[in-house]
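This note's numbering puts the first residue of the sequence shown at 2, with every later residue one more than the last.
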Amino acid sequence: MCSNQNHAIGLKVKGQTPSTMVDRCWPHIGHTQLRNSFVHDGRFRDPDSVISLVRVLLKDFQDLQVLDQVDSLALVRPIPKWCPPPLNHFKLNIDVALGLSGAVGVGAVLRDHLGAVKDMFSLPRLGCFDVDVGELFAIREALFAARHVGFPVTLAETDSLIAASNIKNAFSSAFHQPLVADVLDVFPSLDFSSFLFVPRGGNQVAHALTKYSLTNLENKIRIGVCPYFVQHVVYADIQ
């Protein structure tokens, strides 16, 4: 049986015709003439094209709903932003992105109490692991890079609550996961209070650097330099 017949049977079993499927989404778009020409022009519509169209319209509708939810939340509480460390402290924000074929992008930015960038790291790596392990891996790699350039990290911040909790719990446990043990060994001066969780809204610069490191296969360590593609994010953090 061909794929088109399979789709047609699926539509019939669920009580959905191409016309009713489009009708479910089209009122939210408002293009009446385009809707009428698609449904009532008398031409045969391949079920694949109908399903493809409905998926596009449904995705648009869902995106609008998400934006509505974000707008309503913004009225209740402010969007999290990056917070500067105390005077004479340096905060390292860290994030990770997992790409295809084992590609791993580590991004980190070190800033002082004024929000001035001291270091930025884009570190492409390879590995096959889940996101939670990837977050710990990124923290270790970013701390190693920061130690290499000689800046004293006093605070480390991640948008992974699981990673931050695993590291904090290690201070009260005799057993350490290998990655957690590595993290604790990089900067022995860091203690329980040094590892912080921050929502994604407060980790945007590190997040942007992870995306860059997935497409650039060389370690990029920028001391006191802010590349153009994250300048607007850094500026927004200190406003």
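We put the CB at the ideal spot given by N, CA and C, even for glycine. This structure is a prediction, so every number in the text was calculated from the model and none was measured.
request  = Could you tell me which uninterrupted beta strand (DSSP E) segments, each at least 3 residues in length, are contained entirely in the stretch 139-225, listed from first to last along the chain?
outcome  = Counting whole runs of 3 or more residues, the stretch 139-225 contains the beta strand (DSSP E) stretches 156-159, 196-198, 221-224.
task = For Ala164, collect the residues of the same chain with a Cβ closer than 7 Å to its Cβ; drop the 5 residues on either side in sequence, then sort them by chain order.
result = Working through the sequence shown from its first residue, we reach residue 164 at position 163. Here the set comprises Asp133, Glu136, Leu137, Ile140.
query = Roughly how many whole angstroms lie between the Cα atoms of Leu162 and Gln178?
reply = Residue numbering aside, residue 162 sits at position 161 when the sequence shown is read from its first letter. Residue numbering aside, residue 178 sits at position 177 when the sequence shown is read from its first letter. Rounded to the nearest angstrom, the two C-alpha atoms are 16 Å apart.
query = Between the beta-carbon of Ser123 and the beta-carbon of Leu215, is there less than 7 Å?
reply = The residue you call residue 123 lines up with position 122 of the sequence shown. The residue you call residue 215 lines up with position 214 of the sequence shown. No; because the gap between Cβ atoms is not below 7 Å, this pair is not in contact.
inquiry  = In whole angstroms, give me the CA-to-CA distance for Leu93 and Phe230.
reply    = Here residue 93 refers to the residue found at position 92 when the sequence shown is read from its first residue. Here residue 230 refers to the residue found at position 229 when the sequence shown is read from its first residue. One C-alpha to the other measures close to 19 Å.
Bridge-paired residues (DSSP) for Pro125 = Within the sequence shown, residue 125 is the residue found at index 124, counting from 1. Bridge partners of Pro125: Gly106.
query = Residue range of the alpha helix (DSSP H) that Ala98 falls in?
reply = Here residue 98 is taken as the residue at index 97 of the sequence shown, counted from 1. Run containing Ala98: none in the alpha helix (DSSP H); it sits in the beta strand (DSSP E), 92-99.
query = Can you tell me whether Ser195 is buried or exposed, with buried defined as 16 or more other CB within 10 angstroms of its CB?
reply = The residue you call residue 195 lines up with position 194 of the sequence shown. With 16 or more other Cβ atoms within 10 Å, it is buried.
ask   = Looking only at its own chain, which residues have a Cβ that is under 6 Å from the Cβ of Phe198, when we skip the five neighbours before and after it?
value = Locating residue 198 in the sequence shown gives position 197, where the first residue counts as 1. Within the same chain, Phe198 has close Cβ partners Leu162, Ala165.
Reference Ser190, options Arg148, Pro200, His208, Asn170, closest by Cα = Here residue 190 is taken as the residue at index 189 of the sequence shown, counted from 1. Nearest C-alpha to Ser190: Arg148.
request  = Measuring alpha carbon to alpha carbon, tell me which of Val105, Asp183, Lys119, Phe188 ends up nearest Gly225.
outcome  = Numbered from its first residue, the sequence shown carries residue 225 at position 224. When only C-alpha atoms are compared, the closest one is Lys119.
message = Applying the 10 Å Cβ sphere with the 16-neighbour rule, what's the burial state of Ile95?
response = Mapped onto the sequence shown, residue 95 falls at position 94. Burial call: buried.
request  = For Phe188, I'd like the list of residues in its chain whose CB is within less than 7 Å of its CB, leaving aside the five on either flank, ordered along the chain.
outcome  = What you label residue 188 is simply residue 187 of the sequence shown in a count that begins at 1. Taken in chain order, the residues that qualify are Leu144, Arg148, Val154.
ask   = For Asp120, which beta-bridge partners are listed by DSSP?
value = In the sequence shown, counting from the first residue as 1, residue 120 sits at position 119. Bridge partners of Asp120: Leu111, Ile224.
key: Beta-carbon spacing of Arg201, Met121 below 7 Å   = The residue given as residue 201 occupies position 200 in the sequence shown. The residue given as residue 121 occupies position 120 in the sequence shown. Between Arg201 and Met121, the C-beta gap is not smaller than 7 Å, which leaves the two residues out of contact.
Minimum C-alpha distance to Val105 - residue among Gly116, Asn217, Pro81 = Position 104 of the sequence shown, counted from the start, is the residue given in the question as residue 105. Of Gly116, Asn217, Pro81, the smallest CA-CA separation from Val105 is found for Asn217.
ask   = Distance, Cα to Cα, Thr159 vs Asn204?
value = Taking the sequence shown and counting its residues from 1, the one referred to as residue 159 is at position 158. Taking the sequence shown and counting its residues from 1, the one referred to as residue 204 is at position 203. Each residue's alpha carbon lies about 7 Å from the other.
query = Are the Cβ atoms of Pro85 and Leu156 separated by less than 7 Å?
reply = Counting from 1 along the sequence shown, the entry for residue 85 is found at position 84. Counting from 1 along the sequence shown, the entry for residue 156 is found at position 155. No, Cβ-Cβ distance for Pro85 and Leu156 is not below 7 Å.
message = Output needed for His208: all residues of its chain with C-beta closer than 6 Å, excluding positions within five of it in sequence on either side, in chain order.
response = As a first step, residue 208 is located in the sequence shown; it is residue number 207 there, counting from the start. Excluding residues within five positions, the ones whose Cβ falls inside 6 Å are Asp96.
query = What does a CB cutoff of less than 7 Å around Ala98 pick up in its chain, not counting 5 residues either side in sequence?
reply = On the sequence shown, residue 98 is found 97 positions in, with the first residue counted as 1. Closer than 7 Å at Cβ, skipping near neighbours: Gly106, Thr211, Lys212, Leu215.
inquiry  = Please report the distance separating the alpha-carbon of Val184 from that of Phe91.
reply    = In the sequence shown, residue 184 corresponds to position 183, counting from 1. In the sequence shown, residue 91 corresponds to position 90, counting from 1. If I take the Cα positions, the gap works out to 17 Å.
ask   = Which residues in the same chain have their Cβ closer than 6 Å to the Cβ of Pro228, if we skip the five residues on either side of it in sequence?
value = Numbered from its first residue, the sequence shown carries residue 228 at position 227. So no residue of the chain qualifies.
message = So Val181 and Asn167 are supposed to be a Cβ contact under 8 Å. How far apart are they, rounded?
response = One-based indexing of the sequence shown puts residue 181 at position 180. One-based indexing of the sequence shown puts residue 167 at position 166. Confirmed, about 6 Å.
key: Counted within 10 angstroms of its Cβ, other Cβ atoms place Glu142 as buried (16 or more) or exposed   = Start at 1 with the first residue of the sequence shown, and residue 142 comes out as number 141. Answer is buried; the Cβ neighbour count reaches 16.
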